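Participant: I'd like to ask you about the structure that follows.
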Amino acid sequence: MTNETDQQSDEATAPTIDALIAERRRKRETLAEQGFDPYPSRFDRTALADDLQERHAGLEKDTRTGEQVRLAGRVTAVRRHGKLSFATLADASGSIQLLLQAAALSDQAAAVLEAVDLGDWIGAEGEVITSRRGELSVDATELWLLSKALRPLPDKWHGLTETDTRYRQREVDLLANPDSRRVFDIRFKAIAAMRRHMESEHYVEVETPILQLQAGGAIARPFSTHSNALDIDLHLRIAPELYLKRLVIGGYERVFEIARNFRNEGISTRHSPEFTALEAYRAFGDVTDGMDLTEALVAGAAQAAIGRFGVAFGDSEVDLTPPWPRLALLDLLEERLGVRVHPTDPVDDLRGVCEAHGVTPNPEWGPGKLVFELYDQVLLPGLVAPVFVCGFPVEVSPLARHTADDPTMADRFELCIVGREFANGYSELNIPEEQAARFEVSAAAKSRGDDEAHPADLAFVRSLQYGLPPTAGIGVGIDRLIMLLAEVEAIRDVILFPMLRPESTE
RNA sequence: GCGCCCCUAGCUCAACGGUGGAGCACCGGACACUUAAUCCGGAGGUUGGGUGGUUCGAGUCCCCCGGGGCGCACCA
């Protein structure tokens, strides 16, 4: 921290916070003047709070264990009683009480106790005991200030509620709000579990380009940037799909990437401009293997992250216990609409069905897109319990293999839970000529100004000409899965540092 | 992009259009078993910004700007 930065913040904030910071600085300087380093370079700890709590659970009150420990963490509470004080020390594992008797403290410990503020990082050494009231404590004889919190932490009881500050200063949110920690612990446990599962299935984790000449693999508007060295415009990836399939062509028969994707589109409770997806490709598999993998990943993530299959989301209670039904889209639509639709139906008929169910058809939409919109707007919202919806129109699946007996439908599934889509997968289209033809159609649409068309990627077609084996591919929306598991409704609550407008300078 | 709502001390919240308060945190003091410690005293404010408007008087009503939230539209 430089003086320049300090001065800036001094000018930018109200005088009272400056007074609070100045007071904490004064305490730090006092410690330094007494010869105690306020910023030691390291600290060796020998115990974690939760480990002590577990090992000494149920101990009688007023017990001395004889066990000497060194702890480190943040001070979250101090209760001073003249010559006896108590402090709560919180580390990454949990928290434990420090018992601080003036007569037992070293000179440094006494000075640190005098100078300590809520939020400071400290180290403590002492014997594990229980207090007269029976609380497990460390009867400290030594204290070290490890780093001072110059800024006061949010109210320990009420935490931090302003969402703006919670997102902009996530570190403060994390240390003030246990529920925020809970959500991100779920996130990281879920992702770790999925990674373990992929590893156990012998998938190789790979990294593919984020900066791409052409943003392919999905249908979305990309972010743009520029390479100075090459003097070319580039796009941030909207999906890793095409590169992952090229790796399968190259001989990596099972690959996956936990990929940050970027889409220059609307921001909402459910949409973040950068979001995380797990994409996986498995040679010699088809859409059925994709569903098996998806089911194992999601169920395994739930088990690892929250230890149960039941979740309450919004007004819904859902049971994620596998297996989940695999039902044909066209059957589900027939059941829901009372009429059987198919991409080969006359467009006007399909438009009529749309209108009858409150879907306003866009004149540009072909029959496949009309069927898809019926699914998306009419069927999907009612799919609460987990279900694999199988079989989607080729028209809206430009990279998926068509069904053996129906050239207008693709071997593709979507996983639907609580009326939302959580995963998507298909048997990959591996016939170069057919892929080229699909690109031609979509590129023509794109040149007519259709933003929703997939761009033609000739390099990818060339790759397919070297031979993509039969391959199953899946994509799982990680952020939305975490929302479901953590039972939170805003995508920003599961992203550590969500994209926000620039902070106001006023 | 459109509509509705929110922004008051470091944090959490009050204040009919009539002198901006409380709890926690902070400062000084007391206190040897507390745990949202307690008790006594004190300090802390350009009410998101606006030498915009209405009014005798604006935190409060209106307008503009900034940020955020929710809903709708696009999207996963």
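Heads up: take any position in the first sequence, counting from 1, add 95, and you land on the working numbering. Glycine included, each C-beta is placed from N, C-alpha and C at the ideal position. All values derive from a computational prediction rather than experimental measurement.
Below 8 Å between beta carbons: does that hold for phenylalanine 370 and aspartate 588?
Facilitator: Result no, Cβ atoms of phenylalanine 370 and aspartate 588 do not sit closer than 8 Å.
Participant: Quick one: Cα of alanine 287 to Cα of arginine 277, how far?
Facilitator: If I take the Cα positions, the gap works out to 15 Å.
Participant: Output the distance between the C-alpha atoms of glycine 405 and leucine 195, rounded to the nearest integer angstrom.
Facilitator: Their backbone Cα atoms lie some 45 Å apart in a straight line.
Participant: Using only the alpha-carbon positions, how far apart do proline 135 and arginine 515 sit?
Facilitator: Near 51 Å, if we compare the C-alpha coordinates of arginine 515 and proline 135.
Participant: Measuring alpha carbon to alpha carbon, tell me which residue in Leu213, Val436, Glu237, Phe483 is nearest alanine 206.
Facilitator: Nearest C-alpha to alanine 206: Glu237.
Participant: Going by DSSP in three states, methionine 594 sits in which element: helix, strand or coil?
Facilitator: Here methionine 594 sits in coil by DSSP.
Participant: For a test of the three-state rule: what should DSSP assign to serine 275, helix, strand or coil?
Facilitator: Serine 275: helix per DSSP, three-state reduction.
Participant: Work out the CA separation of valine 267 and leucine 675 for me, nearest whole Å.
Facilitator: Limits of the chain in this structure are 96 at one end and 601 at the other, which puts residue 675 out of reach.
Participant: Okay, do the region 367–381 and the region 564–571 touch, 3+ Cβ pairs below 8 Å being the bar?
Facilitator: Yes, the region 367–381 touches the region 564–571.
Participant: When the Cβ atoms of the region 394–412 are set against those of the region 464–472, are three or more pairs found closer than 8 Å?
Facilitator: No, the region 394–412 is not in contact with the region 464–472.
Participant: Alpha carbon to alpha carbon, what distance is there between aspartate 202 and glutamine 398?
Facilitator: Computed Cα separation, rounded: 50 Å.
Participant: Evaluate lysine 122 with the Cβ neighbour count: other Cβ atoms within 10 Å of its Cβ, from every protein chain shown; 16 or more gives buried, anything less gives exposed.
Facilitator: Burial call: buried.
Participant: I'd like to know whether the C-beta atoms of lysine 243 and proline 133 end up nearer to each other than 8 Å.
Facilitator: Yes, these two residues count as a Cβ contact at 8 Å.
Participant: Just curious, the alpha helix (DSSP H) that arginine 575 is in, first and last residue?
Facilitator: Taken as a continuous stretch (DSSP letters only), the alpha helix (DSSP H) holding arginine 575 covers 573–581.
Participant: Looking only at its own chain, which residues have a Cβ that is under 8 Å from the Cβ of arginine 596, when we skip the five neighbours before and after it?
Facilitator: So the list is empty, once near-sequence residues are dropped.
Participant: According to the Cβ coordinates, are asparagine 359 and alanine 372 closer than 8 Å?
Facilitator: No.
Participant: In chain order, what residues of the same chain lie with their CB nearer than 6 Å to the CB of alanine 548, ignoring the 5 residues before and after it?
Facilitator: Hits under 6 Å: Ser537, Ala540, Lys541.
Participant: Can you give the Cα-Cα distance for histidine 176 and glutamate 155, rounded to whole angstroms?
Facilitator: Approximately 23 Å, taken between the alpha carbons.
Participant: Below 7 Å CB to CB, which residues in the same chain sit around tyrosine 298 once its five sequence neighbours on both sides are set aside?
Facilitator: Cβ neighbours of tyrosine 298 beyond the five flanking positions: Arg349, Val350, Phe351, Ala375.
Participant: By the 10 Å Cβ neighbour count, where 16 or more other Cβ atoms means buried, how is alanine 235 classified, buried or exposed?
Facilitator: Buried, because 16 or more other Cβ atoms sit within 10 Å of the Cβ of alanine 235.
Participant: Please name the residue in Val170, Leu510, Val301, Phe283 whose C-alpha comes closest to that of alanine 396.
Facilitator: Closest by alpha carbon: Phe283.
Participant: Look up serine 522 in the DSSP assignment and say whether it is helix, strand or coil.
Facilitator: Strand at serine 522.
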